[in-house]
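Student: If you're matching them up, the sequences are chains A and B in order.
In terms of the working numbering, the first sequence opens at residue 1 and continues consecutively.
In terms of the working numbering, the second sequence opens at residue 1 and continues consecutively.
Sending over a structure as structure tokens; questions will come in a sec.
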Amino acid sequence: MQRIELRHITKRFGKTVAVDDVSLTIEPGSFLTILGPSGCGKTTILRMIAGLEEPDSGEILIDGRPVFSSTESIVVPAAQRGLGLMFQSYALWPHMTVYQNVAFGLEMAHMPKAQIRQRVSEILADLQMAGMEDRYPQELSGGQQQRVALARMLAPKPGIFLLDEPLSNLDARLRMDMRSELKRLHRDTHATTIYVTHDQLEALTMSTHVAVMCAGKLQQLASPDEVYRYPANLFVADFIGSPKVNLLEGHATPAPGGTRVDVGQFVLEPLPVWAEGPVVAAVRPEDVQLSAEPVAGGVEFSVYSVLPAGSEAIVNVRRGETMLTVKVGRATRLEMDQSVWLTFDPRSINLYDKASQLLIAA
Amino acid sequence: MLALWGLWRQKHRAIVARPLGAAEPKAETAMATVTLRRSNPLRLRLRRLRHVLGRPHVALSILLGLILLYLVVVPLVRITWATITWQAEDARLARGFEEGALTLFHWQRTFLGSVSRELVYEPFVNTLVTSAGATALALFLGCGLAWLLTRTDLPGRRLMGNLVTIPYILPSWTIALAWVTCFKNSRLGGAIGFFEYFTGIAPPNWLAYGPVPIIIALGLHYYAFAYLLMSGALASVDIYLEESGEILGANRWQILRRITFPLVLPALLSAFILTFSRSMGTFGTPLFLGRTVGYYTLSTSLYSFLRQGFKADAFILGLVLIALSAITIYLNQRLIGTRKSFVTIAGRGLRVRETPLRRWKYPLFALVVLFVVVCVLSPIVLLVWQSLQLNDNDYSLGNLSLHWWTSLGGNRLYAEGELGLLRNPLVWGAARNSLLLAAITATVVAAVGLLLGYAIVKGRGTWLAKLLEQLAFLPYLIPSIAFGAVYLAMFAQPLGPIPALYGTFALLVLVCVAKNLPFSSRAGVSSMLQVGKELEEAAMMHGASWFTRFRRIIIPLTTGGLVSGFLLTFISTIRELSLIVLLVTPSTRVLPSLVFRYNEQSFTQLADGIVVVLVVMSLASQWLISRVKGADLARGLRGG
Numbered sequence: 001m002q003r004i005e006l007r008h009i010t011k012r013f014g015k016t017v018a019v020d021d022v023s024l025t026i027e028p029g030s031f032l033t034i035l036g037p038s039g040c041g042k043t044t045i046l047r048m049i050a051g052l053e054e055p056d057s058g059e060i061l062i063d064g065r066p067v068f069s070s071t072e073s074i075v076v077p078a079a080q081r082g083l084g085l086m087f088q089s090y091a092l093w094p095h096m097t098v099y100q101n102v103a104f105g106l107e108m109a110h111m112p113k114a115q116i117r118q119r120v121s122e123i124l125a126d127l128q129m130a131g132m133e134d135r136y137p138q139e140l141s142g143g144q145q146q147r148v149a150l151a152r153m154l155a156p157k158p159g160i161f162l163l164d165e166p167l168s169n170l171d172a173r174l175r176m177d178m179r180s181e182l183k184r185l186h187r188d189t190h191a192t193t194i195y196v197t198h199d200q201l202e203a204l205t206m207s208t209h210v211a212v213m214c215a216g217k218l219q220q221l222a223s224p225d226e227v228y229r230y231p232a233n234l235f236v237a238d239f240i241g242s243p244k245v246n247l248l249e250g251h252a253t254p255a256p257g258g259t260r261v262d263v264g265q266f267v268l269e270p271l272p273v274w275a276e277g278p279v280v281a282a283v284r285p286e287d288v289q290l291s292a293e294p295v296a297g298g299v300e301f302s303v304y305s306v307l308p309a310g311s312e313a314i315v316n317v318r319r320g321e322t323m324l325t326v327k328v329g330r331a332t333r334l335e336m337d338q339s340v341w342l343t344f345d346p347r348s349i350n351l352y353d354k355a356s357q358l359l360i361a362a
Numbered sequence: 001m002l003a004l005w006g007l008w009r010q011k012h013r014a015i016v017a018r019p020l021g022a023a024e025p026k027a028e029t030a031m032a033t034v035t036l037r038r039s040n041p042l043r044l045r046l047r048r049l050r051h052v053l054g055r056p057h058v059a060l061s062i063l064l065g066l067i068l069l070y071l072v073v074v075p076l077v078r079i080t081w082a083t084i085t086w087q088a089e090d091a092r093l094a095r096g097f098e099e100g101a102l103t104l105f106h107w108q109r110t111f112l113g114s115v116s117r118e119l120v121y122e123p124f125v126n127t128l129v130t131s132a133g134a135t136a137l138a139l140f141l142g143c144g145l146a147w148l149l150t151r152t153d154l155p156g157r158r159l160m161g162n163l164v165t166i167p168y169i170l171p172s173w174t175i176a177l178a179w180v181t182c183f184k185n186s187r188l189g190g191a192i193g194f195f196e197y198f199t200g201i202a203p204p205n206w207l208a209y210g211p212v213p214i215i216i217a218l219g220l221h222y223y224a225f226a227y228l229l230m231s232g233a234l235a236s237v238d239i240y241l242e243e244s245g246e247i248l249g250a251n252r253w254q255i256l257r258r259i260t261f262p263l264v265l266p267a268l269l270s271a272f273i274l275t276f277s278r279s280m281g282t283f284g285t286p287l288f289l290g291r292t293v294g295y296y297t298l299s300t301s302l303y304s305f306l307r308q309g310f311k312a313d314a315f316i317l318g319l320v321l322i323a324l325s326a327i328t329i330y331l332n333q334r335l336i337g338t339r340k341s342f343v344t345i346a347g348r349g350l351r352v353r354e355t356p357l358r359r360w361k362y363p364l365f366a367l368v369v370l371f372v373v374v375c376v377l378s379p380i381v382l383l384v385w386q387s388l389q390l391n392d393n394d395y396s397l398g399n400l401s402l403h404w405w406t407s408l409g410g411n412r413l414y415a416e417g418e419l420g421l422l423r424n425p426l427v428w429g430a431a432r433n434s435l436l437l438a439a440i441t442a443t444v445v446a447a448v449g450l451l452l453g454y455a456i457v458k459g460r461g462t463w464l465a466k467l468l469e470q471l472a473f474l475p476y477l478i479p480s481i482a483f484g485a486v487y488l489a490m491f492a493q494p495l496g497p498i499p500a501l502y503g504t505f506a507l508l509v510l511v512c513v514a515k516n517l518p519f520s521s522r523a524g525v526s527s528m529l530q531v532g533k534e535l536e537e538a539a540m541m542h543g544a545s546w547f548t549r550f551r552r553i554i555i556p557l558t559t560g561g562l563v564s565g566f567l568l569t570f571i572s573t574i575r576e577l578s579l580i581v582l583l584v585t586p587s588t589r590v591l592p593s594l595v596f597r598y599n600e601q602s603f604t605q606l607a608d609g610i611v612v613v614l615v616v617m618s619l620a621s622q623w624l625i626s627r628v629k630g631a632d633l634a635r636g637l638r639g640g
């Protein structure tokens with residue numbers, strides 16, 4: 001089974017802790033995205049699974065077989081872990097042709113020449129790269145280089161795909177195309193896939209699981225939907241979502257039907273959770289209802305700026321020192337400084353404990 | 001894509017049958033309880049050790065570290081030890097000592113003895129004077145030429161640019177020999193030179209020998225460092241940086257002083273240090289131009305100490321030279337500090353500003369041409385001419401002869417019957433040794449440089465890699481003549497399993513390899529950085545062994561650097577004298593040491609003839625270098 005298991009993995013580079021006691025299990029056949037800002041340790045995790053980097057402590061198991069263990073001094077070489085890695089830079093060998101690049105892994109596996117030829121041309125044809133065999137990487141476009149890198153990874157038929165920001169060097173259009181192709185590839189092969197990116201859109205659109213990392217620590221491991229709807233802590237809430245979530249500091253007191261949160265300029269209630277004391281309320285911009293006319297229970301704000309973005313518009317509104325971001329449909333026409341009335345759906349608000357930064361569960 | 005995965009899906013379906021992400025709880029608990037069996041501690045420790053040592057770059061680092069320790073550190077320790085213990089040869093000067101016992105005798109004798117003044121202090125001052133003078137001259141010439149040939153509209157800049165680097169390609173003492181040929185006077189007995197022959201005026205001693213000609217001869221050789229480094233730096237100052245200054249209202253002089261100069265300062269300091277430390281350690285020029293009038297520098301004094309059998313005193317002078325050189329380099333690094341990276345700011349394809357010279361254009365052009373003719377070409381012409389004179393210093397046409405090149409020998413009137421150069425087995429043997437030495441050294445150095453680069457880059461951030469880098473840099477601190485002395489001390493007796501190497505060809509190779517390591521390891525590091533670690537890791541992922549990765553990925557990608565490194569070492573080794581003069585014996589004679597011998601015997605034409613041969617060989621190798629893509633002299637200087 002292509003299950004990957006990390007147990008208490010820690011990795012330091014000099015004094016900095018790149019990966020801090022991370023444990024996670026990647027189910028067979030799943031598509032896990034490791035998401036986080038640059039320098040959060042996500043690439044390091046990928047490289048440790050690949051066998052290019054050694055953790056300082058912890059264990060890594062593939063199919064229940066330890067490929068790394070600090071206590072038992074087990075280090076299985078990269079090539080014997082049965083996985084394929086695609087580098088962010090592609091790392092295509094510039095002195096080899098496309099054919100030689102793709103055939104390399106098969107040669108190393110001592111596959112007969114004729115079979116290599118057949119397999120390489122098969123895989124290049126499938127990736128729409130037929131006829132490019134004799135080109136050198138420098139003679140290819142970015143998208144073509146990417147396909148060669150993919151072909152090289154796939155050629156030896158690894159059971160696990162490791163992809164390190166594979167789309168970051170492509171332009172926006174090509175990136176869209178490749179996303180759907182990679183998703184399709186995963187569906188067709190069922191290979192356990194680990195995908196590293198700092199692009200939350202990629203994470204949310206492609207994966208079955210998302211692992212959010214920050215400063216070497218695993219923040220949350222859940223489905224994309226859950227990560228978006230119920231971020232486990234304030235970092236995840238703040239990191240996921242564009243435009244950013246509104247975070248309102250306030251004080252919670254018990255109230256009939258749940259909790260009442262006073263955020264200074266106005267009051268949110270009743271929230272269907274139990275909390276008391278200093279809290280932070282997180283409201284997604286699309287979960288706020290905006291009306292140009294006064295409505296019952298609406299809180300009056302004034303429009304600070306309007307940023308139309310085609311199908312929708314991002315509106316920044318202000319009340320006293322409090323600034324909120326709201327997403328509205330394009331039909332709404334607003335002027336700066338005009339008054340608007342906001343209403344909040346208590347069920348869509350997540351409440352976080354201010355001290356621990358953790359989500360207060362319903 | 002679908003078709004491609006058909007077969008494979010069949011194969012894997014049994015394993016990966018569950019819907020994506022939905023884990024069976026049962027299987028999960030079963031997997032979660034997998035715990036590793038504990039092995040016994042001893043086997044564990046062995047496994048750990050084998051694993052650490054089994055990493056190729058660690059094993060390689062340790063191996064290379066040991067070799068460097070042996071080639072560089074151990075000799076330094078031994079030489080120091082020799083200066084503070086009683087030596088067998090001290091029996092001439094003192095009695096009642098036990099050989100090998102600790103003593104400050106040598107240090108006292110060297111610094112406080114009756115001969116200290118002539119043999120230590122004066123040479124020390126002379127070394128500083130000649131090195132400082134030569135450096136000043138070299139920087140002036142180098143910077144001036146660099147500016148004229150890269151940043152102005154002077155005509156014929158390409159050709160001039162090639163011609164002015166010739167002195168760097170030639171042996172450093174070529175100009176010294178040509179100088180003697182030109183300016184030697186009849187006052188010290190002996191024959192008259194070119195100058196006196198044609199003008200009838202005997203050049204004064206201060207012009208013929210001593211500090212003035214040494215400074216000029218060294219300056220005319222080493223200005224090439226300043227020229228190569230400065231023209232590289234000047235060419236990489238982006239025009240926009242200067243234009244921004246211009247827009248803000250700076251005039252041409254202010255731009256030069258406030259913008260351009262600070263940007264090229266690191267290159268200037270590098271040129272300074274390179275010139276100064278090389279001048280200090282050089283041997284040939286001060287010997288040919290100073291000895292006749294008893295003008296000694298530390299390097300020639302060291303040589304005469306050794307000649308007289310005062311090994312410990314010679315070693316002390318060597319240590320003084322090393323200290324002097326280390327201090328200069330340390331000061332330089334303090335000065336440059338973080339500015340080192342200025343020169344590399346600009347990318348490729350930037351525009352360079354050409355200053356119009358207007359009415360100075362042709363006068364300056366004439367000056368540069370004159371410089372090339374007088375200082376670059378005429379020394380070579382003069383040496384060729386002299387090698388064609390039957391009687392020394394008779395510049396009449398009737399005296400021209402191929403005697404020294406082709407004679408069958410036997411005529412006692414001419415150089416005691418030495419054979420002509422082209423028939424002389426001594427010359428052929430030396431030429432063979434020279435080529436062999438240069439080729440073997442260059443091959444070993446290129447290979448070791450690459451391995452060092454690999455080990456250092458792969459181990460980046462570990463103390464082992466840092467140590468290795470420092471060790472490889474150490475020979476840079478040791479002036480050539482002192483390095484030779486160190487090796488003499490080290491390998492005169494057997495050391496552990498290694499037999500006494502003195503008098504063997506292997507010793508020459510060893511010393512040349514060690515001395516060239518700082519440059520080659522830097523070149524290796526920069527080649528490896530260019531290759532980047534991911535290209536090797538990609539091969540690792542596919543199961544390529546270390547050897548395969550080296551053969552199929554790393555070597556093909558570093559070929560350009562390897563070949564240019566090979567040729568640069570080849571050139572610098574083929575003309576090397578300072579480094580090996582203390583170590584050659586009749587059977588391991590090379591061309592430069594043969595020049596030295598003929599010069600001592602006053603077989604001037606033979607000496608000059610060999611210099612001409614060396615010049616031809618050097619120029620030919622340089623031409624070869626220019627054929628190799630991406631290789632150039634300046635790159636070799638910067639070590640990458």
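From the three backbone atoms N, C-alpha and C, an ideal C-beta is built for every residue, glycine too.
On a CA-only basis, which of LEU359/A, TRP274/A and TYR304/A is nearest LEU234/A? Give me that one, please.
Tutor: Against the first sequence, residue 234/A aligns to sequence position 234. Per the Cα distances, LEU359/A.
Student: Would you mind reading off the limits of the beta strand (DSSP E) that contains THR33/A?
Tutor: Counting from 1 along the first sequence, the entry for residue 33/A is found at position 33. Residues 31 to 35.
Student: Could you tell me which of GLU72/A, ALA232/A, GLY51/A and ASP63/A sits nearest to LEU46/B, measuring between CA atoms?
Tutor: The residue given as residue 46/B occupies position 46 in the second sequence. Residue GLU72/A is the option with its Cα nearest to LEU46/B.
Student: Is it the case that the Cβ atoms of TYR168/B and ALA224/B are separated by a distance below 8 Å?
Tutor: Start at 1 with the first residue of the second sequence, and residue 168/B comes out as number 168. Start at 1 with the first residue of the second sequence, and residue 224/B comes out as number 224. Yes, these two residues count as a Cβ contact at 8 Å.
Student: Going by alpha carbons, who is nearest to ILE625/B out of GLY543/B, GLY565/B and LEU583/B?
Tutor: The count along the second sequence starts at 1 and reaches residue 625/B at position 625. Nearest of GLY543/B, GLY565/B and LEU583/B to ILE625/B, Cα basis: GLY565/B.
Student: Got a sec: is the Cβ-Cβ distance from HIS221/B to anything in chain A below 8 Å?
Tutor: Start at 1 with the first residue of the second sequence, and residue 221/B comes out as number 221. Taking Cβ atoms only, chain A never reaches closer than 8 Å to HIS221/B, which makes this a no.
Student: Measure the C-alpha to C-alpha separation of GLN530/B and SER291/A and round it to an integer number of angstroms.
Tutor: Taking the second sequence and counting its residues from 1, the one referred to as residue 530/B is at position 530. Taking the first sequence and counting its residues from 1, the one referred to as residue 291/A is at position 291. When rounded, the distance between both Cα atoms is 59 Å.
Student: Kindly say whether PHE87/A, judged by its beta-carbon, lies nearer than 8 Å to any beta-carbon of chain B.
Tutor: Counting from 1 along the first sequence, the entry for residue 87/A is found at position 87. PHE87/A counts as touching chain B.
Student: Which term fits VAL374/B, buried or exposed, when burial requires 16 or more other beta carbons within 10 angstroms of its beta carbon?
Tutor: By one-based count along the second sequence, residue 374/B stands at place 374. By the 10 Å Cβ count, VAL374/B comes out exposed.
Student: Would you kindly report the start and end of the unbroken beta strand (DSSP E) that includes ILE9/A?
Tutor: Position 9 of the first sequence holds residue 9/A. Start and end: 4 to 13.
Student: How close, in whole Å, do the beta carbons of GLY159/A and GLY82/A come, if the pair is a contact with beta carbons under 8 Å?
Tutor: Reading the first sequence from its first residue, position 159 is the one you call residue 159/A. Reading the first sequence from its first residue, position 82 is the one you call residue 82/A. Yes, GLY159/A and GLY82/A are in contact; Cβ-Cβ is about 5 Å, under 8 Å.
Student: What residue from VAL611/B, GLY561/B and TYR121/B has the CA that sits closest to LEU451/B's CA?
Tutor: Locating residue 451/B in the second sequence gives position 451, where the first residue counts as 1. It is GLY561/B.
Student: Below 9 Å between beta carbons is the criterion; list the residues of the region 541 to 574 of chain B that meet it against any residue of chain A, in chain order.
Tutor: Those residues of the region 541 to 574 of chain B that come within reach of chain A (Cβ to Cβ, closer than 9 Å) are MET541, HIS542, GLY543, ALA544, SER545, THR548, ARG552, ILE553, PRO556, LEU557 and THR559.
Student: Quick one: grab the DSSP three-state call for TYR168/B.
Tutor: In the second sequence, the residue the question calls residue 168/B occupies position 168. Helix, per DSSP.
Student: Are the CB atoms of MET48/A and LYS11/A within a distance shorter than 8 Å?
Tutor: To locate residue 11/A, count along the first sequence from 1; it is residue 11. To locate residue 48/A, count along the first sequence from 1; it is residue 48. Yes, these two residues count as a Cβ contact at 8 Å.
Student: Could you check whether LEU247/A and VAL261/A sit closer than 8 Å to each other, using their CB atoms as the reference points?
Tutor: Position 261 of the first sequence, counted from the first residue, corresponds to residue 261/A. Position 247 of the first sequence, counted from the first residue, corresponds to residue 247/A. No.
Student: Give every residue of the same chain whose Cβ lies closer than 7 Å to the Cβ of THR43/A, excluding the five residues on either side of it in the sequence, and list them in chain order.
Tutor: The residue given as residue 43/A occupies position 43 in the first sequence. So the list reads ASP164 and VAL196, once near-sequence residues are dropped.
Student: Along the beta strand (DSSP E) that carries LEU85/A, what are the first and last residues, could you check?
Tutor: Within the first sequence, the letter at position 85 stands for residue 85/A. Unbroken beta strand (DSSP E) run through LEU85/A: 83 to 86.
Student: Could you tell me the distance, in whole angstroms, from the CA atom of GLY429/B to the CA atom of ASN516/B?
Tutor: The count along the second sequence starts at 1 and reaches residue 429/B at position 429. The count along the second sequence starts at 1 and reaches residue 516/B at position 516. For GLY429/B and ASN516/B, the distance between alpha carbons rounds to 24 Å.
Student: So is SER180/A buried or exposed if we call it buried at 16+ other beta carbons inside 10 Å?
Tutor: Locating residue 180/A in the first sequence gives position 180, counting from the first residue. Looking at its Cβ environment, which holds fewer than 16 other Cβ atoms inside 10 Å, SER180/A is exposed.
Student: Taking 8 Å as the threshold (beta carbon to beta carbon), is ALA79/A in contact with chain B?
Tutor: Residue numbering aside, residue 79/A sits at position 79 when the first sequence is read from its first letter. Yes, ALA79/A lies at the interface with chain B (some Cβ there is under 8 Å from its Cβ).
Student: Sorted by chain position, which residues of the same chain lie with C-beta nearer than 8 Å to SER572/B's C-beta, five sequence neighbours on each side aside?
Tutor: As a position in the second sequence, residue 572/B is number 572, starting the count at 1. ASN516.
Student: Does HIS8/A pass the burial test, meaning 16 or more other C-beta atoms within 10 Å, or should it be called exposed?
Tutor: Position 8 of the first sequence holds residue 8/A. So HIS8/A counts as exposed.
Student: Anything in chain A within Cβ reach of PRO461/B, meaning under 8 Å, just list it in chain order.
Tutor: Within the second sequence, residue 461/B is the residue found at index 461, counting from 1. One point to set straight first is that residue 461/B is Gly, not Pro, in the sequence displayed. In chain order: PHE13 and GLY14.
Student: Considering only the alpha carbon of each residue, which of GLN254/B, SER231/B and GLY232/B lies closest to VAL242/B?
Tutor: Working through the second sequence from its first residue, we reach residue 242/B at position 242. The identity of residue 242/B in the sequence shown is Glu, whereas the question assumes Val. Among GLN254/B, SER231/B and GLY232/B, the Cα nearest to that of GLU242/B is on GLN254/B.
Student: Can you find at least 3 beta carbon pairs, one from the region 544 to 556 of chain B and one from the region 475 to 486 of chain B, that sit closer than 8 Å?
Tutor: As far as the Cβ criterion goes, the region 544 to 556 of chain B does not touch the region 475 to 486 of chain B, which means the pair count is below three.
Student: What does a CB cutoff of less than 6 Å around LEU388/B pick up in its chain, not counting 5 residues either side in sequence?
Tutor: One-based indexing of the second sequence puts residue 388/B at position 388. Result list for LEU388/B: LEU400, in chain order.
Student: In chain B, what lies closer than 7 Å to ASN95/A by C-beta?
Tutor: On the first sequence, position 95 is the one that residue 95/A refers to. The residue you asked about is not Asn; residue 95/A is His in the sequence shown. Per Cβ cutoff of 7 Å: PRO556 and LEU557.
Student: Hey, is PRO37/A's beta-carbon within less than 8 Å of any beta-carbon in chain B?
Tutor: Numbered from its first residue, the first sequence carries residue 37/A at position 37. So, not an interface residue.
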